[in-house]
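This report concerns only the one structure given below.
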Amino acid sequence: MLTFRNTFTVFFILIGIGNLLHIGYGIPIHGWYYLILTLLVLGVSSYGSSYIGSNFHFRVICRSKNNSKKQIAVSFDDGVDPVQTPILLDILAKHNMKASFFLIGKNCIGNESLVKRIFEEGHIIGNHTYSHTYWFDFYWKNRMYKEFKQTDQIIEKITGKRPFFFRPPYGVTNPALKKALIKSGHLPIGWSIRSFDTQQKNSASDLIHRVTTRLKAGDIILFHDYVKTVPEVLEALIKFGTENGYTFVTISELININAYVE
Ligand SMILES: [Zn+2]
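Sequential numbering from 5 applies to the sequence shown in the working numbering.
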């Protein structure tokens, strides 16, 4: 399996073989050998770190396998959004459908009643860092851990429940995040269908097409609260899913794991 450890083990073995042939047996090894190896390992590492389903650094749950019940889970990242989140909650309530919200800690401050509403209406809440800064993936373990704790405390204060699920910002994973998650005990959750709703060039119909043509039982779909086209996409997805025999559930129900720490 392509993991961080395997990749670097093979890299150092190949470097060692090169050195052995060169130094031990006098066989000339061209500098290109080392350059190509380095570029390869950098390419594999950047793919593994940026593709959430790669399990390169650690295992991330991205879907439910063998889902015979035709269940799918819709998830919304980066909330709460004081304007858009209530629109999404109204749509979900109208269809009696449950979803999963990965909240940014700082966005909950001043919007406590909205966080409470999400929880009380039967959706699940996960941790999506406190700041969601662009620099998050450059943080050391302890700074990441501090953000997890800050957000957990905010959510727990409002709902009485401490989130167990964590979603990495931008879907990026790295060794520091692995260590921070081991320390905090959160369960990393990814997605199997990325809607690409944050890309402005994508219209609602582009997003609907992208999601509905990929949909399979057990999928976890990624949207973002703040994107203006998402309510229209959600309505269309519910219609498509219902007509095709899918049931919409929370990620907790989909993977049969409690969303909160008991
Ligand atoms: Zn995010």
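Cβ coordinates follow ideal geometry from the N, Cα and C atoms, glycine included. Owing to the predicted nature of the structure, the values given are computational and were not obtained by experimental measurement.
ask   = If you run the structure through DSSP and keep just helix, strand and coil, what is N2?
value = Nothing about residue 2 can be read from this structure; the chain reaches only from 5 to 266.
inquiry  = Taking 7 Å as the cut-off, is the C-beta of P167 nearer than that to any heavy atom in ligand 1?
reply    = For the purposes of this step, residue 167 is identified with residue 163 of the sequence shown, where counting begins at 1. Flag unset: Cβ of P167 not near ligand 1.
Backbone CA spacing between N146 and A184 [nearest angstrom] = The residue given as residue 146 occupies position 142 in the sequence shown. The residue given as residue 184 occupies position 180 in the sequence shown. Cα to Cα, the separation comes out at about 7 Å.
task = Measure the alpha-carbon distance for I40 versus G47 and round it to whole angstroms.
result = By 1-based counting over the sequence shown, the position of residue 40 is 36. By 1-based counting over the sequence shown, the position of residue 47 is 43. For the pair I40 and G47, the Cα-to-Cα distance works out to about 10 Å.
message = Does the structure place the stretch 216–226 close enough to the stretch 190–208 that three or more beta carbon pairs sit under 8 Å?
response = yes
request  = Sort out for me which residues DSSP pairs R166 with in a bridge.
outcome  = In the sequence shown, residue 166 corresponds to position 162, counting from 1. Note: R166 sits in a beta bridge opposite V265.
message = Is P192 a contact residue of ligand 1, with contact defined as CB to any heavy atom under 7 Å?
response = Taking the sequence shown and counting its residues from 1, the one referred to as residue 192 is at position 188. Outside the cutoff, so no.
inquiry  = On the DSSP bridge list, what partners appear for R198?
reply    = Taking the sequence shown and counting its residues from 1, one reaches residue 198 at position 194. Per DSSP, the beta-bridge partners of R198 are L226.
inquiry  = Quick check on M5: buried or exposed, where buried means 16 or more other Cβ atoms within 10 Å of its Cβ?
reply    = The sequence position of residue 5 within the sequence shown is 1, counting from 1. Burial call: exposed.
ask   = Using DSSP with H/G/I as helix, E/B as strand and the rest coil, what is S79?
value = Numbered from its first residue, the sequence shown carries residue 79 at position 75. Three-state DSSP puts S79 in a strand.
message = Let me make sure I understand the geometry here. Which of P173, L258 and I158 has the alpha-carbon closest to that of R166?
response = Looking up residue 166 in the sequence shown gives position 162. For the set P173, L258 and I158, the Cα lying nearest the Cα of R166 is the one of I158.
task = With DSSP collapsed to three states, give me the class of R9.
result = One-based indexing of the sequence shown puts residue 9 at position 5. Helix, per DSSP.
message = Looking at S68: is its Cβ nearer than 8 Å to the Cβ of I193?
response = As a working mapping, residue 68 is identified with position 64 in the sequence shown. As a working mapping, residue 193 is identified with position 189 in the sequence shown. No, they are not a contact pair.
message = On a Cα-Cα basis, can you pick out the residue from G22, L44, G35 and W36 that is closest to T11?
response = Here residue 11 is taken as the residue at index 7 of the sequence shown, counted from 1. Ranking G22, L44, G35 and W36 by Cα distance to T11 puts L44 first.
message = Within the continuous beta strand (DSSP E) that includes T251, where are the two ends?
response = As a position in the sequence shown, residue 251 is number 247, starting the count at 1. Start and end: T251 to V253.
request  = Taking G126 and F106 to be in contact with their CB atoms under 8 Å, please state how far apart those CB atoms are, rounded to whole angstroms.
outcome  = The residue you call residue 126 lines up with position 122 of the sequence shown. The residue you call residue 106 lines up with position 102 of the sequence shown. About 16 Å separates the two Cβ atoms, so there is no contact after all.
inquiry  = Between which two residues does the beta strand (DSSP E) holding I128 run?
reply    = Indexing the sequence shown from 1 puts residue 128 at position 124. Here the beta strand (DSSP E) through I128 covers I128 to N131.
message = Does the contact criterion of 3 or more C-beta pairs under 8 Å hold for the stretch 245–263 versus the stretch 70–80?
response = yes
request  = With distances taken Cα to Cα, identify the nearest neighbour of Y138 among Y174, N262 and T254.
outcome  = Numbered from its first residue, the sequence shown carries residue 138 at position 134. Nearest of Y174, N262 and T254 to Y138, Cα basis: Y174.
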